[in-house]
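Trainee:
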Amino acid sequence: MTTTESLIASPNRTGTFDCQALASRRAFDARDFVSDEPILGLSREGGYIWGTLRDDQGTLYSTMRRIAEKPPEAAADGRQSLGGRHLLLGTGEGDGMTMRKQARHAVDSAALTKTLTGENSVTIASPPDAEGQPMELVLDVDNFRYREAGTIEATGTLVVPPLQWYIPGRDSALMYISQTWLVDAEILGRPARGFLFWEEAWMPPGGVLYRTKDPLHDASYTTWYSWANHWDDGTAEVGHFLFGQRGFHVGVVAHSDGTVTSAHTMDAVITRAADGYWHDGIDYEINGVPWRCDPDAQGHMQLGPMPNPQQEGHMHRVSDTRTPDVWMAWGESVPANGEKRH
């Protein structure tokens with residue numbers, strides 16, 4: 028390796044900050060979702076409507092749609108990292124969570140339009156003449172709605188303050204904004220409850236999450252989990268836990284009482300399953316407090332071989348013995364990057 032190559036690869040290169048991240052609360056401002064004005068020099072890579080719900084029979088469903096930004100001169104919307112249609116996985120039809128065919132006729136994300144439809148509300152929807160099953164998403168604090176015709180229809184309210192985290196870098200960077208709704212829904216004709224997220228990734232021009240100019244690669248991240256719990260007393264918590272090599276960690280938690288905490292110190296150790304692919308649990312220590320991610324026995328998402336297998340589970344403080352009435356923890360581990368920090 029030449030001196031120049033060594034400097035470029037160095038975790039201490041000027042402007043890299045050893046992959047350390049910032050995380051905090053933010054205000055819900057619908058204008059953020061329609062504006063193309065750069066943030067911190069970054070452009071919107073795409074938006075993601077996703078989440079996990081359980082129906083009245085206990086069937087577990089995870090849903091996701093990526094809505095990519097498409098420059099006016101571009102012929103495609105940069106979907107190489109994820110498809111442009113609605114994805115729905117569920118338990119009960121094989122081992123773990125498998126793809127449900129009912130979502131395959133959904134409208135393509137490239138056809139969707141985005142409009143500011145109220146003082147603090149945005150509607151993302153398919154036009155009447157679009158090919159495929161119609162879709163509508165209304166991002167609003169108190170009147171959230173999401174409909175994928177033939178598969179899911181959900182309404183809800185924002186459950187905790189919106190969050191954001193940011194990994195600065197010289198050649199790669201990522202700002203991630205997130206908000207979470209507690210929803211009542213109907214999935215494939217059955218009543219369900221769960222959590223849905225609208226998230227956006229902001230990256231340097233040309234950046235694609237998981238592929239190019241992504242600082243998660245620089246940090247050799249080992250795990251990324253987003254999770255939510257709601258209890259029968261009406262309280263709720265939502266968090267994002269990411270961990271990797273160098274100085275990288277994000278441990279931000281929002282509570283329904285409006286408080287938000289962010290990790291100053293964090294450790295994460297993954298227990299790898301015997302097959303070397305899935306995990307059998309993740310133990311965290313965040314600001315001195317032990318946390319645990321317990322994988323769902325049916326939570327393996329069958330998406331084909333991938334470097335970051337996706338699993339559902341339950342995230343909680345080790346000392347918290349309460350059982351939530353609504354919960355989810357959708358995340359991943361990266362076997363190639365190890366089970367703990369070197």
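Each position in the sequence shown, counted from 1, maps to that position plus 27 in the numbering used here.
Just so it is clear, CB atoms sit at the ideal spot from N, CA and C, and this is done for glycine as well.
So, are the CB atoms of E226 and Y248 less than 9 angstroms apart?
Mentor: Position 199 of the sequence shown, counted from the start, is the residue given in the question as residue 226. Position 221 of the sequence shown, counted from the start, is the residue given in the question as residue 248. No. Outside cutoff.
Trainee: Quick one: what's got a C-beta closer than 8 angstroms to E264's C-beta in the same chain, skipping five residues either side?
Mentor: Counting from one through the sequence shown, the residue named residue 264 turns up at place 237. So the list reads V187, A255, N256, V280, A281, H282, S283, once near-sequence residues are dropped.
Trainee: Would DSSP call A300 helix, strand or coil?
Mentor: Working through the sequence shown from its first residue, we reach residue 300 at position 273. Coil at A300, not helix or strand.
Trainee: Considering only residues of the same chain and omitting the five flanking positions on each side of H132, which have a CB-CB separation below 8 angstroms?
Mentor: By 1-based counting over the sequence shown, the position of residue 132 is 105. Within the same chain, H132 has close Cβ partners G159, Q160, G177.
Trainee: Does DSSP classify H370 as helix, strand or coil?
Mentor: Nothing about residue 370 can be read from this structure; the chain reaches only from 28 to 369.
Trainee: Counting only the same chain and skipping the five closest in sequence on each side, list residues whose C-beta sits under 8 angstroms from that of N39.
Mentor: Along the sequence shown, read from residue 1 onward, the residue named residue 39 stands at position 12. Around N39: D45.
Trainee: Rounding to the nearest angstrom, what Cα-Cα distance links A200 and P242 in this structure?
Mentor: Walking along the sequence shown from the start, residue 200 turns up at place 173. Walking along the sequence shown from the start, residue 242 turns up at place 215. Their Cα atoms are separated by approximately 5 angstroms.
Trainee: Taking just the CA atoms, how far does G68 sit from R58?
Mentor: On the sequence shown, position 31 is the one that residue 58 refers to. On the sequence shown, position 41 is the one that residue 68 refers to. Each residue's Cα considered, the two are about 18 angstroms apart.
Trainee: By DSSP, does D245 sit in helix, in strand, or in coil?
Mentor: Numbered from its first residue, the sequence shown carries residue 245 at position 218. Of the three classes helix, strand and coil, the one that applies to D245 here is helix, per DSSP.
Trainee: Identify which residue in T250, R217, G42 has its Cα closest to the Cα of T298.
Mentor: Residue 298 sits at position 271 when you count from the first residue of the sequence shown. When only C-alpha atoms are compared, the closest one is T250.
Trainee: Can you tell me the Cα-Cα spacing of A363 and L269, whole angstroms?
Mentor: Locating residue 363 in the sequence shown gives position 336, counting from the first residue. Locating residue 269 in the sequence shown gives position 242, counting from the first residue. A363 and L269 have their C-alpha atoms roughly 16 angstroms apart.
Trainee: Please go through the segment 70-158 and give each complete beta strand (DSSP E) segment of 3 or more residues, from N-terminal end onward.
Mentor: 70-82, 87-95, 114-117, 140-145, 148-152
Trainee: Assuming R81 and A219 form a contact by the criterion Cβ under 8 angstroms, report the distance between their Cβ atoms to the nearest whole angstrom.
Mentor: Here residue 81 is taken as the residue at index 54 of the sequence shown, counted from 1. Here residue 219 is taken as the residue at index 192 of the sequence shown, counted from 1. The pair is a contact, with the Cβ atoms about 6 angstroms apart (cut-off 8 angstroms).
Trainee: For the alpha helix (DSSP H) that contains F60, what are its first and last residues?
Mentor: Residue mapping note: residue 60 aligns to position 33 of the sequence shown, counting from 1. Counting along the chain, the alpha helix (DSSP H) containing F60 begins and ends at 58-61.
Trainee: Taking the continuous beta strand (DSSP E) assigned at S51, which residues delimit it?
Mentor: In the sequence shown, residue 51 corresponds to position 24, counting from 1. Here the beta strand (DSSP E) through S51 covers 49-52.
Trainee: May I ask which residues mark the beginning and end of the beta strand (DSSP E) holding H343?
Mentor: By one-based count along the sequence shown, residue 343 stands at place 316. That run of the beta strand (DSSP E) goes 337-344.
Trainee: Please report how far the alpha carbon of R414 lies from the alpha carbon of G119, in whole angstroms.
Mentor: No answer is possible for residue 414: it lies beyond the span of the chain, which begins at 28 and ends at 369.
Trainee: Contact criterion: CB-CB distance below 9 angstroms. Does D241 meet it with respect to chain D?
Mentor: Absent from the structure: chain D. Only one protein chain is present.
Trainee: Once you ignore the five residues that flank S136 on each side, which residues in its own chain have a CB closer than 8 angstroms to its CB?
Mentor: Here residue 136 is taken as the residue at index 109 of the sequence shown, counted from 1. Hits under 8 angstroms: R92, R93, I94, A95, D104, R106, G111, R112.
Trainee: Among T90, A356, Q84, which residue has its Cα nearest to the Cα of Y75?
Mentor: Within the sequence shown, numbered from 1, the residue matching residue 75 stands at position 48. Of the listed residues, the one whose Cα sits closest to Y75 is T90.
Trainee: Pick out whichever of M124, Q47, G358 has its Cα sitting closest to the Cα of A324.
Mentor: Indexing the sequence shown from 1 puts residue 324 at position 297. Among M124, Q47, G358, the Cα nearest to that of A324 belongs to M124.
Trainee: What first and last residue would you give for the beta strand (DSSP E) that runs through A383?
Mentor: No information on residue 383 is available, as it lies outside the stretch 28 to 369 that the chain covers here.
Trainee: Closest by CA to G266, which one among F224, D294, P232, D245?
Mentor: What you label residue 266 is simply residue 239 of the sequence shown in a count that begins at 1. Closest option to G266, Cα to Cα, is F224.
Trainee: Can you tell which of G196, I66, G117, T142 has its C-alpha closest to the C-alpha of D41?
Mentor: As a first step, residue 41 must be located in the sequence shown, where it is residue number 14. This sequence places Thr at residue 41; Asp is not what is there. Among G196, I66, G117, T142, the Cα nearest to that of T41 is on G196.
Trainee: I need the DSSP call for A363, collapsed to helix, strand or coil.
Mentor: Taking the sequence shown and counting its residues from 1, one reaches residue 363 at position 336. Residue state, collapsed to three classes: helix.
Trainee: Just to confirm, is the Cβ distance from S329 to L114 under 9 angstroms?
Mentor: Translated into positions along the sequence shown, residue 329 becomes position 302. Translated into positions along the sequence shown, residue 114 becomes position 87. Note that residue 329 corresponds to Gln in the displayed sequence, not to Ser. Not in contact: Q329 and L114 (Cβ atoms no closer than 9 angstroms).
Trainee: What is the DSSP secondary structure of D45, reduced to helix, strand or coil?
Mentor: Within the sequence shown, residue 45 is the residue found at index 18, counting from 1. In this structure, D45 counts as helix in the three-state DSSP scheme.
Trainee: Please work out which residues of its chain come closer than 6 angstroms, Cβ to Cβ, to P351, disregarding the five sequence neighbours upstream and downstream, and give them in chain order.
Mentor: To locate residue 351, count along the sequence shown from 1; it is residue 324. The answer, listed in chain order, is N256, H257, W258.
Trainee: With which residues is G266 paired in a DSSP beta bridge?
Mentor: Locating residue 266 in the sequence shown gives position 239, where the first residue counts as 1. Paired residues: W254, V280.
Trainee: Would you kindly report the start and end of the unbroken beta strand (DSSP E) that includes D310?
Mentor: Start at 1 with the first residue of the sequence shown, and residue 310 comes out as number 283. First-last of the beta strand (DSSP E) with D310: 306-313.
Trainee: Counting C-beta neighbours from all protein chains within 10 Å, is the total for H369 16 or more, i.e. buried, or is it exposed?
Mentor: Sequence index remark: in the sequence shown, residue 369 carries index 342 (1-based). An exposed status is given to H369, since fewer than 16 other beta-carbon atoms sit within 10 Å of its beta-carbon.
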